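A.B. asks: Mind looking over this structure? Questions follow.
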Amino acid sequence: MKKINLLLTSVALFIGSFAFGQSFDEKLPSNPTPGKCYVKCITPNVFETKEVTIQTAPEYTVLKMVPAEFKTEEETFMSKPAYKEYTFTPATFKTEYVTVRVEPDYNKVNIIPAKFKPSSEEIEVFPMVGKWEYGTLPGCKSANPEDCRTLCWKETPARYKTVPTKVLDTDATNTTTLVPGKDKKYPILVMDVPAQVHEKTIPAEYKTVTKRVKVKDETVVEEKIPAVYKTEEIQVLKSKGGVTVWEEVDCGLLDYSLLPIYYDLNSARLRESSKAIIDSKIYNVMKQKPNVSVEIASHTDSRGNAAFNKDLSQRRAQSVVDYLVSKGIQRNRLVARGFGETRLVNKCSDGVDCTETQHQQNRRTEFRIIGAN
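In structure tokens form, the structure reads like this:
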């Protein structure tokens, strides 16, 4: 939040500021007290706690089963029925022989081929042909060639060729000869005494067992379980904030003030003694001034890893914020800042030889008022 220190030694000084610029005067508190400091704040929403009762579990029905009841009885049953058993006497056989024609009779054919004798035949290989041929009359003295032209029919005789041939002397014929078949004897079994079946009746078999018989079936009993209610505390908006006001504060709290609390090595856990100091230094002020905000700044010395120191200081500042929130301070009124080893108050930076007392000066937690949302 924006803040302004008004260290006014007299009302005249305040009026002088007013005369310097009208727009600046509009941002200042009205009727300030000389020598006092003020912080510009925005009033927060004001809540009140109320109790509400909610149903956390509805009424419902539980069904309980009543087990079935049984008794023991004996029962005899047929485990194997009566049946007939048959005894088989196989047939007996004797050996006899049977004749089988394995090759039949057949007629064998003998072929006598045809016989030929030489001969010849004259054939016309080119027929006789004739044609008209033009010629010139011998000794013709006419100047006209047509007068000397002659037309004669000329024939060319046919041509013949003698071809050697064969003529049939005796045609083909055949004779047949009977080839007798073959017989073969094979042994066979002939039934001497036929097979016989003998029948025998086998009686049924029975078995007696012990079994459970139902006396009463399972049943269901209903039981009503009542609804469960719980009382919860809720925050109800009592008055809406957002109004700009000027809070009068201790001028010394506007700058960083030492918060003399100590932590275990590499730990951010608050000791019980530290909580009492926080209550007296910060909590009481914030309860009395509900519109202001507070910044918690934590620092380490330069020994160790810089990133670790930064994280450790942030966690230590946050532990103070978390403690104040647990006591009812609104979280948006608190700012936690861990600066690690970046804001040393002496020369004891990395590589500088310092005493334990000098390092202790750098290991500190501070706070200041900065206003409130």
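Under mature numbering (1 follows the signal peptide of the UniProt record, and there is no 0), read the sequence shown as residues -21 to -1, 1 to 352, first letter to last.
C-beta: ideal position from N, C-alpha, C; glycine also.
As the structure is a computational prediction, the values presented were derived from the model and not from experiment.
Under the three-state reduction of DSSP, which class applies to Y235: helix, strand or coil?
C.D. replies: Three-state result, Y235: coil.
A.B. asks: Specify the secondary structure class of E64 as computed by DSSP and reduced to three states.
C.D. replies: It is a strand residue.
A.B. asks: Can you say whether R343 is buried or exposed, counting buried as having 16 or more other CB atoms within 10 angstroms of its CB?
C.D. replies: Classification of R343: buried, given that the 10 Å Cβ count is 16 or more.
A.B. asks: Nearest by alpha-carbon distance to K219: which of K133, N10 and F26 is it?
C.D. replies: That would be F26, whose Cα lies nearest to the Cα of K219.
A.B. asks: Which of the three DSSP states is assigned to A137 in this structure?
C.D. replies: Here A137 sits in coil by DSSP.
A.B. asks: In the DSSP assignment, the beta strand (DSSP E) including A285 goes from what residue to what residue?
C.D. replies: From DSSP, A285 is part of no beta strand (DSSP E) but of the alpha helix (DSSP H) over A285 to S305.
A.B. asks: Helix, strand or coil: how does DSSP classify D126 here?
C.D. replies: If DSSP states are grouped into helix, strand and coil, D126 belongs with the helices.
A.B. asks: Can you grab the Cα-Cα spacing for the pair T141 / W132, in whole Å?
C.D. replies: Straight-line Cα distance between these residues: approximately 30 Å.
A.B. asks: Can you give me the C-alpha to C-alpha distance between residue 353 and I181, rounded to a whole angstrom?
C.D. replies: Residue 353 lies beyond the range of the chain shown here (-21 to 352); nothing can be said about it.
A.B. asks: Out of curiosity, what's the CA-to-CA distance linking E227 and I21?
C.D. replies: For E227 and I21, the distance between alpha carbons rounds to 13 Å.
A.B. asks: State whether the stretch 98 to 110 contacts the stretch 137 to 153, with contact taken as three or more CB pairs (one from each stretch) at a distance under 8 Å.
C.D. replies: A contact exists between the stretch 98 to 110 and the stretch 137 to 153.
A.B. asks: What's the gap between the Cα of C16 and the Cα of V224?
C.D. replies: Going from the Cα of C16 to the Cα of V224 covers about 13 Å.
A.B. asks: Out of S252, R310, K190 and N288, point me to the one whose CA is closest to P269's CA.
C.D. replies: Closest option to P269, Cα to Cα, is R310.
A.B. asks: Using only alpha-carbon positions, find the residue among K193, D171, F95 and Q214 that is nearest to T28.
C.D. replies: Minimum Cα distance to T28 is reached at Q214.
A.B. asks: Report all residues from its chain with a CB closer than 6 Å to the CB of I308; omit the five preceding and five following residues, and keep chain order.
C.D. replies: Within the same chain, I308 has close Cβ partners M265.
A.B. asks: Could you check which residue in N325, A296 and T155 has the C-alpha nearest to that of K254?
C.D. replies: K254 has its Cα closest to that of A296, out of N325, A296 and T155.
A.B. asks: Under 8 Å between the Cβ atoms of K94 and T155?
C.D. replies: Contact flag unset, no.
A.B. asks: Check this for me: beta carbons of R312 and S272, under 8 Å apart or not?
C.D. replies: Yes, the pair counts as a contact, with Cβ atoms nearer than the cut-off.
A.B. asks: Select from D280, T144, K190 and E112 the residue whose C-alpha is nearest the C-alpha of E98.
C.D. replies: It should be noted that the sequence gives Ser, not Glu, for residue 98. Per the Cα distances, T144.
A.B. asks: From the DSSP output, in three-state form, read off N89 for me.
C.D. replies: DSSP places N89 in strand when its eight states are reduced to three.
A.B. asks: State the Cα-Cα distance for the pair G118 and C127, rounded to the nearest angstrom.
C.D. replies: When rounded, the distance between both Cα atoms is 9 Å.
A.B. asks: Go through the stretch 197 to 268 residue by residue and report every complete run of the beta strand (DSSP E) that reaches 3 residues or more, in order.
C.D. replies: Within the stretch 197 to 268, the complete beta strand (DSSP E) runs of at least 3 residues are 198 to 204, 207 to 218 and 223 to 228.
A.B. asks: Looking only at C-alpha atoms, which of I256, Q337, Y113 and H278 sits nearest to residue 372?
C.D. replies: The question about residue 372 has no answer here: the residues shown for the chain are numbered -21 through 352.
A.B. asks: Helix, strand or coil for Q309, going by three-state DSSP, please let me know.
C.D. replies: The answer is coil: DSSP assigns Q309 none of H, G, I, E or B.
A.B. asks: Out of curiosity, what's the CA-to-CA distance linking V207 and E53?
C.D. replies: Taking the straight line from one Cα to the other gives about 53 Å.
A.B. asks: Helix or strand or just coil, what does DSSP make of E38?
C.D. replies: Of the three classes helix, strand and coil, the one that applies to E38 here is coil, per DSSP.
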